[in-house]
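Chemist: Dropping a structure here in structure tokens format, bear with me for questions.
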Amino acid sequence: MKSALLKLRELESTMSSTEANIARYIQNNPEKVCTLTVRELAENAYASPSSVIRVCHAIGFKGYL
Numbered sequence: 297m298k299s300a301l302l303k304l305r306e307l308e309s310t311m312s313s314t315e316a317n318i319a320r321y322i323q324n325n326p327e328k329v330c331t332l333t334v335r336e337l338a339e340n341a342y343a344s345p346s347s348v349i350r351v352c353h354a355i356g357f358k359g360y361l
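Numbering-wise (the working numbering), the sequence shown opens with residue 297 and increments by one.
Okay, here's the thing in structure tokens:
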């Protein structure tokens, strides 16, 4: 199974600009993201919580947890 960071990198070019911003934020701050709520991640990436969930689904997760 590929790591989530690798999947984000591979899919980033096919994502919307908002989703790509979230993907870049996660890739640049992987340790910090582990401690954030979905709302906090959305705020830090200048996105909505629903966009964060879409990114999670895009890389194969059922949700944010």
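Glycine is no exception: its CB is placed at the ideal position from the N, C-alpha and C atoms.
Below 8 Å on the Cβ atoms is my contact criterion, and I expect residue 338 with residue 348 to pass it. Report the Cβ-Cβ distance as a whole number of Å.
Modeler: Translated into the one-based positions of the sequence shown, residue 338 becomes position 42. Translated into the one-based positions of the sequence shown, residue 348 becomes position 52. 5 Å between Cβ atoms; contact.
Chemist: Between the alpha carbons of residue 334 and residue 309, how many angstroms are there, rounded?
Modeler: Along the sequence shown, one-based indexing puts residue 334 at 38. Along the sequence shown, one-based indexing puts residue 309 at 13. Computed Cα separation, rounded: 22 Å.
Chemist: How should residue 342 be labelled, buried or exposed, when 16 other C-beta atoms within 10 angstroms of its C-beta is the threshold for buried?
Modeler: On the sequence shown, position 46 is the one that residue 342 refers to. Exposed, because fewer than 16 other Cβ atoms sit within 10 Å of the Cβ of residue 342.
Chemist: Between the beta-carbon of residue 332 and the beta-carbon of residue 319, is there less than 9 Å?
Modeler: Residue numbering aside, residue 332 sits at position 36 when the sequence shown is read from its first letter. Residue numbering aside, residue 319 sits at position 23 when the sequence shown is read from its first letter. Contact: no.
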